[in-house]
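The next block holds one structure in the form of structure tokens; read it before the comments.
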Amino acid sequence: MSLMKFDPDWWVELEKNYHQTMVARQKLLQTHPQNVTFEYPGSELACRELMEMLVQFVTRRYPQYFSLERDNTVLVNRLLNTTTDLLATPPLKVLFDNIPEDYALMLRNEDDGLYYLRAAMVCSSVGWDIGQHRNKPLSGIHTHVPDFKEKMAFSMDRFFAKMPTDQPIQRCSWSLEDHAPLFSSPAVVPDWKRSAFAERPEELRPEDLRLRCDWQTLRRLPLSGAVVFNFKAVFSSFLELREEPYVPALLLKVLREGKENLITYKCVDHVRRVAMDALEVWAREQTEAGIVPADWEVSTLDESPFFPRWEEIWRARQGV
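Residue 291 in the UniProt record's numbering sits at position 291 of the sequence shown, with consecutive numbering throughout.
Right, dumping it as structure tokens:
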């Protein structure tokens, strides 16, 4: 599990799809509340502490959009034209109504010293939902993650026990999907399937694929001692990889040679086949165009997680 230091100045990032995301999250809260949020007794302090930290953050980071009134007891949201009474509204509801990201609170159990999921508001989940993991320890939450029990469970439990308040971290996990769902759980969909092309895999094309990146941060709250997971799912068109130097060859190698249970976790078989066919063509194109040296041995890039010319390409996509 690759962990990196996290600059807390980027804790919440507002994007152009803020309104669309907030509408989708509110709809999920109304239709499947038990699957997207809960709060166990004993987590009240941690929930309020998290809410207050996030409110302070967004009002300072985005003062043009958020502000506090009435002796700091009312949050004004100018993006949605709403006000929220911070004293009368449950802390997680305050966040659900204003913040477009997901949070899960882990609290230490005094009996065994392990951290258990005691409160959460999580909408971006595919193949699972946060409701099914309520009140579970880390090992119970990650039973579906390949090799977690064998290779990561002990070190993660130890990491949680020692994590200081001033050293937040971040990581990013990825997968390849053939659509871009925010929420898709077997608990609420009869005959659930991960793929939108499960019944017609022969129709799948590269332009249907999406690279899903789940950006996650982890930090300890100073008062309650709770450890907070923060999640945000970002979908990109698979076709964008074609213009990113070295990336097609790298991903092709991972899909070809990666451990089978890990690759199956990352993408279903027909998505993998379509992706590999396209990546092979794109990797060859980059070599023939001189973008990638013909004698390059495919390996992690020196600037990882960045690739050469990433900023130029990013700015072009932003139109700046």
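Glycine is no exception: its CB is placed at the ideal position from the N, C-alpha and C atoms.
By the 16-neighbour rule on beta-carbons within 10 angstroms, proline 248 is buried.
In the three-state scheme derived from DSSP, where H, G and I count as helix and E and B as strand, isoleucine 130 is classed as helix. Closest by C-alpha distance to glutamate 240, out of Pro222, Leu211, Ala233, is Leu211.
With fewer than 16 other Cβ atoms inside 10 Å of its own Cβ, tyrosine 18 counts as exposed. In terms of CA proximity to isoleucine 99, Arg78 leads the group Phe238, Arg78, Thr287, Ala88. Under the DSSP assignment, valine 247 falls in the alpha helix (DSSP H) whose first and last residues are 247–257.
Counting along the chain, the unbroken beta strand (DSSP E) around phenylalanine 38 starts and ends at 37–39. Excluding five sequence positions before and after proline 222, the CB atoms of its chain that fall closer than 6 Å to its own CB belong to Thr165, given in chain order. Taking histidine 133 as the centre and dropping the five residues before and after it, the same chain places the C-beta of Leu117, Ile141 closer than 6 Å to its C-beta, in chain order. Cβ contact annotation for tryptophan 215 (same chain, cutoff 6 Å, sequence separation greater than five): Cys172, Lys232, in chain order. Counting along the chain, the unbroken beta strand (DSSP E) around arginine 210 starts and ends at 210–220. Between the segment 28–37 and the segment 108–122 there are three or more C-beta pairs closer than 8 Å, enough to call the two in contact. In the assembly as shown, glutamate 49 is a buried residue. Its beta-carbon has 16 or more other beta-carbons within 10 Å. When C-alpha distances from aspartate 102 are compared across Arg220, Val254, Asn230, the shortest belongs to Asn230.
Listed in chain order, the non-local C-beta contacts of leucine 28 below 6 Å within the same chain comprise Val36, Cys123, Phe183, local neighbours out to five positions each way being set aside. Contact check between the segment 54–74 and the segment 2–16: three or more CB pairs, one atom from each, fall below 8 Å, which counts as touching. In this model, alanine 187 and glutamate 110 are separated by some 31 Å (Cα to Cα). The beta carbon of arginine 242 is closer than 6 Å to those of Trp282 in its chain, skipping five residues each way along the sequence.
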